[in-house]
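In my numbering, the protein residues as written are 638 to 1465. Below: the structure, in structure tokens.
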């Protein structure tokens, strides 16, 4: 350990914080490091070598883990292949390291017994519920844990003499949406199954939701079981039976393994920790601790109750201690004996107020540390079982005990309900704050505004410290970085103008030492393929997705500020020569206009083809497609004027719409449009002192064909597949950027797409295309052209419409933008 550090600092390499498995493990490592007075730094760097999205850019986060930043490393399952993980670990040679879940030769491994847990779950389905046609949602093929669980499924079927059928196994890749799709495929193929087992909770929950939508009753028709025991599994309806991972034990053994290496002690090569099957409603059982699941009533204890209680006291004490461990309560010492004294007094006829007070305090502490409140339900059932023989000879005392026990169960249920209400309230508050934060960040367009924008909102997100550092060049990790935000103990720290330069691998400049123990999250900041820097955020919110959303917001704000700054600098340089200024202005505007057009047009239920053909003078045409779960945002608009300023306004417009759409995907279109208007008005009219404005329509499309839209632009054209005729839908509203407030004239409107319907969005460069005679192309020609080619693919339709428009006009004076989409209702 570095002498400059007052306590050990452990690094945790993981893919992301927003999935349930990683989130629960992070909570466990946070608690364990707090217990052992260690700092924790989580490096959220994505899946290794994944080709999905920009995961390789996220991987650059792992370069920040080094001897300068941590004393030892714990590595979660970052990749499906141990060989890939081994290559990563070579870069940390010399640091104490422990891996979790995936074994790499030469490093200690902490692992849950996936095989035993899955075997017990499958055996329970067969022996208790008589299920023999068991379908399996398989995890990622190359993943070690996924393969272990799948192998245990097969072997358990063989142990019970049930033939393994490949048709009942389907890939779901640990994903809820894929679990839903895989279950739909099983049903559509006519596969018969009476139980569905997911390789993790997410895939099982996705499958269960599909069964519910198809009218298949769980657990009456099909039993469902998952793996991991996530919070979503406990809160599902019905509650999801699952295999509980020993999260807290994994954290404890992994932390000890690294600390022992630091101390020069030998460490076991492999630590295999037991996982446990948890019965719940989805498999057909009551909860784990329901009285109906206990063995038969034992013989009556003939001793007087006080003596019987004294003899039972040691066993009762043990049950409470085990429950405390299972619930992971970091409680004060000495509560068990007072609880037993209060219990005895209540069963002897006294008031139970003291007992309820002690237990309520314990349940509250359980919730405060993200413990498992359901463990207390199980403990209560076991305590009742132990006490039952001692009260059966006295009916009045028996009734008194049942009354007390009922009040205890109500107390636990109330604690669980309070916890759920708190989580829902926190989620609502976080969503509102993040929306407000996104609006503040994306509208600033300068780095200097970021510290205050974050400082004003981080306290409400329960983030006590935040640091943002920038790289001054792209490429490999720079030796030095520039810190532009330093927020600690809920206060902004003073930084030099332009930021504080410091060694990158320190993560936080040494001039800001931490007096208290902290758990931190390191998030890479990047925009597409450009590395911008990194953010260090203190672990706080239970909704870990907050960190990922903040990363995206900060990255987008930095890129926006960089682009705006670049545009301003280039504009200043072009003032030297008018001709050069005009040429470069048009070049930049063209680049802005074309480079921010959407690349991903893959949307559930829509076939989309789009194009934008700039005019020689470059206008401000805008269209966008922002896909998301179950739909997308569509945008179409036109900024008045030609040249750089309309291009800049269009860039602002696209940045604001994209950020708002991603931060709150289900926002109402009129709300997004109002924020866009406020941003453009302030930036264009008050900051730039210009008068540019834009026509703009924003559409929120849902996979069921529903479209909600707001804003004033050209009429929306829908060619109905049933009639083969076009329908025009007027857009109601006014320009954006012209006046400060348009909320009173910006209503939401709706229409519904049916199977095969075509949707056409366009700019005025199409309908106002002018022939040599002065005649305009017009909307009637557009509709006739669309009706002629309606049976073609959307790509052909787009190209034909563009070709007819260009053939009609004599000279193109305005941009031409077209977006054609055909609605295809997906099966199920």
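Positions of the beta carbon are idealized from the N, C-alpha and C atoms, including for glycine. Everything numeric in this text was worked out from a predicted model, so none of it was measured.
- For residue 1176, no pairing in a beta bridge is given by DSSP.
- Here the C-alpha atom of residue 976 lies approximately 37 Å from the C-alpha atom of residue 1097.
- Apart from the 5 residues on each side of it in sequence, residue 1375 sits with its Cβ closer than 7 Å to the Cβ of 1330 in its chain, given in chain order.
- Uninterrupted alpha helix (DSSP H) stretches at least 4 residues long and entirely within the region 772-816 occur at 781-796, given in chain order.
- With fewer than 16 other Cβ atoms from the protein chains shown falling within 10 Å of its own Cβ, residue 1303 counts as exposed.
- Residue 1346 carries a strand assignment under DSSP once its states are collapsed to helix, strand and coil.
- Here DSSP, grouped into helix, strand and coil, assigns residue 680 to strand.
- Separation of residue 1380 and residue 1311 (C-alpha to C-alpha, rounded to the nearest whole angstrom) is 6 Å.
- Under the three-state reduction of DSSP, residue 1329 is assigned to coil, being neither helix nor strand.
- Collapsing the DSSP output to three states places residue 1366 in a strand.
- When beta bridges are read from the DSSP output, residue 1337 appears opposite 1270 and 1345.
- For residue 955, the enclosing alpha helix (DSSP H) starts and ends at 942-964.
- By the neighbour-count definition (other C-beta atoms within 10 Å, threshold 16), residue 1161 is a buried residue.
- Annotation: residue 1420 is outside any beta strand (DSSP E); the continuous alpha helix (DSSP H) that includes it extends over 1415-1425.
- Taking each of 808, 792 and 815 in turn and checking the Cα distance to residue 779, the smallest one comes out for 808.
- With a cutoff of 8 Å on beta-carbon distance, residue 877 and residue 851 are scored as not near each other.
- In the three-state reduction of the DSSP assignment, residue 1301 falls in the coil class.
- The beta carbons of residue 1041 and residue 1035 sit no closer together than 8 Å.
- In the DSSP secondary-structure assignment, residue 768 is not bridged to any residue.
- Runs of the beta strand (DSSP E) spanning 3 or more residues and lying entirely within the region 808-862 occur at 832-835 and 860-862, in chain order.
- For residue 1393, the closest C-alpha among the options 872, 1412 and 1431 is that of 1431.
- Pairing residue 1271 with residue 1398 gives a Cβ-Cβ distance under 8 Å.
- When secondary structure is reduced to three states using DSSP, residue 1183 falls in the helix class.
- Leaving aside the five residues that flank residue 1273 on each side, the residues in its chain whose CB is nearer than 6 Å to its CB run, in chain order, 1260, 1334, 1350 and 1398.
- The beta-carbon separation of residue 1413 and residue 1424, rounded to 19 Å, does not stay under the 8 Å limit for a contact.
- Counted as a single uninterrupted DSSP element, the beta strand (DSSP E) harbouring residue 650 occupies residues 646-651.
- Here DSSP, grouped into helix, strand and coil, assigns residue 654 to coil.
- Comparing alpha-carbon positions, the option among 682, 884, 1403 and 871 lying closest to residue 661 turns out to be 884.
- For residue 1247, the enclosing beta strand (DSSP E) starts and ends at 1243-1250.
- By the Cβ rule, the region 1135-1150 counts as touching the region 1114-1124, because three or more pairs are nearer than 8 Å.
- Separation of residue 799 and residue 861 (C-alpha to C-alpha, rounded to the nearest whole angstrom) is 18 Å.
- In this structure, DSSP gives residue 1257 an extended state, which the three-state scheme calls strand.
- When Cβ pairs closer than 8 Å are counted between the two stretches, the region 888-907 is seen to touch the region 661-674, the count reaching three or more.
- Separation of the CB atoms of residue 725 and residue 659 is rounded to 17 Å, and the pair is thereby denied contact status at 8 Å.
- For residue 1434, the uninterrupted alpha helix (DSSP H) run begins and ends at 1431-1445, by DSSP.
- Looking at the DSSP output, residue 751 sits in no beta bridge, so it has no partner there.
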